[in-house]
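Residue numbers (this note's numbering): 20 to 471. Below is one structure; the comments refer to it alone.
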Amino acid sequence: MLAFALVPAVVQPSAARADNPLVQHVYTADPAPLVHDGRVYLYTGHDEDGSTYFTMKDWRVWSSADMVNWTDHGSPLSLATFSWASADAWAGQAVQRGGRFYWYVPVKNRATGRMAIGVAVADSPTGPFRDALGRPLVENGEIDPSVFIDDNGQAYLYWGNPNLWYVKLNADMTSYAGSPTRIPLTTAGFGTRTGDPNRPTLYEEGPWVYKRNGLYYLVFAAKCCSEFIAYSTAPGPTGPWTYRGTVMPTQGSSFTNHPGIVDFKGNSYFFYHNGALPGGGGYTRSVAVERFSYNADGTIPTITMTNTGAPQAGTLNPYVRQEAETIAWGSGIETEPAAEGGMNVGWIENGDHLKVKGVAFGAGASSFAARVASGSSGGTVELRLGSPNGTVVGRCGVPGTGGWQTWTTVTCPVSGATGTQDLYLRFTGGSGYLLNINWWQFTAGTALTAPR
Ligand code: FUB
């Protein structure tokens with residue numbers, strides 16, 4: 020008995036599976052995470068398929084409660100939001116203040132042909148966002164805004180390439196006091212670049228400013244090209260900055276990289292981008308995340324890119340409604356706005372699948388319900404555990420509903436779904452597009468009928 024008790028519980032080693040990059044159905048770039056109300060919201064740019072330049076037209080929002088299952092909130096901000104903008108939906112950051120969400124982005128001003136910083140505002144982290152000013156907040160031809168709000172309530176806007184600027188924002192977050200100030204780019208503050216007399220320091224672009232334990236951090240894309248991620252620290256929000264070294268070396272088949280750092284559920288996370296998806300590269304980038312721990316002296320360790328990503332922070336509850344567009348890894352699918360609200364998963368063909376990681380079935384599930392639509396003759400949602408070809412615990416038939424946004428709810432019995440599992444929704448049927456799925460939910464209990 021004693022010997023048995025001392026044997027550790029058998030842990031099934033799970034094969035190393037990719038959870039990076041975070042999104043597989045569109046290319047994403049320039050991550051800007053924001054923690055709000057128990058979730059991390061991730062604001063990104065969007066590289067067009069097959070892009071050969073930074074021809075970016077809109078931004079995207081994603082969110083997660085566990086760092087591995089990411090909900091697609093679509094595109095609540097685009098160039099069209101700014102009537103005065105003509106192109107270049109580049110790297111921005113959203114912050115929260117007073118129950119509102121302010122998203123600062125660089126875009127090209129049609130009237131001047133120069134890059135400017137616009138600000139959009141929303142009452143929710145997922146938008147809809149509207150242009151707060153109807154004109155640029157600030158314009159000097161430079162890019163990549165980052166906003167930091169200090170403990171005393173003073174907000175700062177930082178931006179720049181090739182220079183580095185800051186200006187104090189007023190409490191309304193849409194105007195500023197004084198004039199933009201150029202931060203001295205000294206080699207003591209930002210490291211030494213060799214080979215480019217015009218740019219003697221490592222600072223390139225993409226500042227990300229925050230404060231931790233009284234120390235101010237400025238993380239940035241360094242050198243060009245390819246970039247790596249470096250950082251400096253200072254005793255105050257305006258410096259003086261001291262160069263501290265590399266956060267992430269040059270890696271990952273994109274010649275740019277872009278930092279975003281947050282603490283979430285007691286851990287620290289570093290967001291970046293690379294070219295890791297099929298077809299990926301410098302203009303077809305993807306956002307990824309790594310968990311890290313600060314060194315005892317507050318310095319940041321060197322973080323390398325992985326395709327496993329961060330460990331899951333918690334589990335996913337299958338007994339509440341889950342959006343189909345909450346995905347750890349999607350294969351073959353796309354998303355779109357659903358007529359019922361939110362987003363749905365669509366363009367599903369035979370063999371496509373969604374992975375939802377760490378689903379806590381507990382004692383077991385008895386049935387599965389899904390909100391589905393089909394403008395063709397439908398298909399089947401297979402519920403599998405562990406892999407796309409894993410054990411089938413349920414099969415739900417989806418009929419033609421008369422339209423891709425004509426929604427109905429289907430249910431089916433479930434058997435054998437217990438404990439915490441990676442759930443795969445695998446879609447099968449004939450040729451062409453089979454069905455759309457908006458949300459799903461399991462019911463706890465014991466199945467009366469085994470899956471067919
Ligand atoms: O995504 C367009 C530009 O590439 C961003 O503004 C820069 O930070 C670089 O990532």
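No residue lacks a Cβ here, since even glycine has one placed at the ideal position from N, Cα and C. Every value quoted in this text rests on a predicted model; they were computed, and no experiment measured them.
Classification of residue i by the beta-carbon crowding that lies within 10 angstroms, buried from 16 upward
i	result
residue 390	buried
residue 276	buried
residue 431	buried
residue 344	buried
residue 420	buried
residue 220	buried
residue 359	exposed
residue 194	exposed
residue 403	buried
residue 374	buried
residue 99	exposed
residue 242	buried
residue 179	buried
residue 315	exposed
residue 48	buried
residue 71	exposed
CB contact flag (residue i, residue j, <8 Å)
i	j	result
residue 66	residue 304	yes
residue 38	residue 80	no
residue 144	residue 120	yes
residue 379	residue 326	no
residue 505	residue 114	Look at the range of the chain in this structure, 20 to 471, and you will see that residue 505 is not part of it.
residue 62	residue 109	no
residue 186	residue 157	yes
residue 319	residue 309	no
residue 291	residue 248	yes
residue 203	residue 184	no
residue 175	residue 208	no
residue 393	residue 464	no
residue 266	residue 238	yes
residue 357	residue 437	no
residue 112	residue 166	yes
residue 454	residue 398	yes
residue 124	residue 78	yes
residue 429	residue 417	yes
residue 279	residue 50	yes
residue 140	residue 154	no
residue 240	residue 283	no
Own chain, CB closer than 6 Å to residue i, minus 5 neighbours either side, in chain order
i	result
residue 460	340, 388
residue 287	311
residue 456	343, 364, 389, 391
residue 442	375, 378
Residues of its chain near residue i, where Cβ-Cβ distance is below 7 Å and the 5 sequence neighbours each way are ignored
i	result
residue 435	410, 412
residue 401	411, 414, 445, 447
residue 218	181, 212
residue 452	366, 367, 368, 395
residue 55	115, 144
residue 74	67
residue 422	392, 394
Residue i (DSSP reduced to helix, strand or coil)
i	result
residue 207	helix
residue 221	coil
residue 296	coil
residue 47	strand
residue 12	Given that the chain is displayed from residue 20 to residue 471, the structure contains no residue 12 and the question cannot be resolved.
residue 173	coil
residue 142	coil
residue 137	strand
residue 454	coil
residue 366	coil
residue 125	strand
residue 168	strand
residue 447	strand
residue 243	coil
residue 302	coil
residue 372	strand
residue 413	strand
residue 334	coil
residue 156	coil
Neighbourhood of residue i by C-beta distance below 8 Å, restricted to the same chain and skipping five residues each side
i	result
residue 334	85, 377, 378, 379, 439
residue 293	40, 270, 271, 272, 273, 276, 299, 304, 305, 307, 324
residue 89	41, 42, 61, 81, 82, 83, 345, 346, 347
residue 69	298, 303
residue 31	For residue 31, the pLDDT reaches just 30, beneath the cut-off of 50, and the residue's location in the model is therefore unreliable, although a value from the coordinates is still provided. Cβ within range, chain order: n/a, list empty.
residue 232	317
residue 296	40, 43, 46, 303, 305
8 Å Cβ cutoff, residue i in contact with chain B
i	result
residue 243	No chain B is part of this structure, which consists of one protein chain only.
Presumed contact (8 Å Cβ cut-off) between residue i and residue j, rounded CB distance
i	j	result
residue 103	residue 133	Not really, about 12 Å apart at Cβ, beyond 8 Å.
residue 255	residue 235	6 Å
residue 136	residue 224	Going by Cβ atoms, the distance from residue 136 to residue 224 rounds to 13 Å, so no, they are not a contact pair.
residue 338	residue 427	Actually they do not touch by this definition, with Cβ atoms about 21 Å apart.
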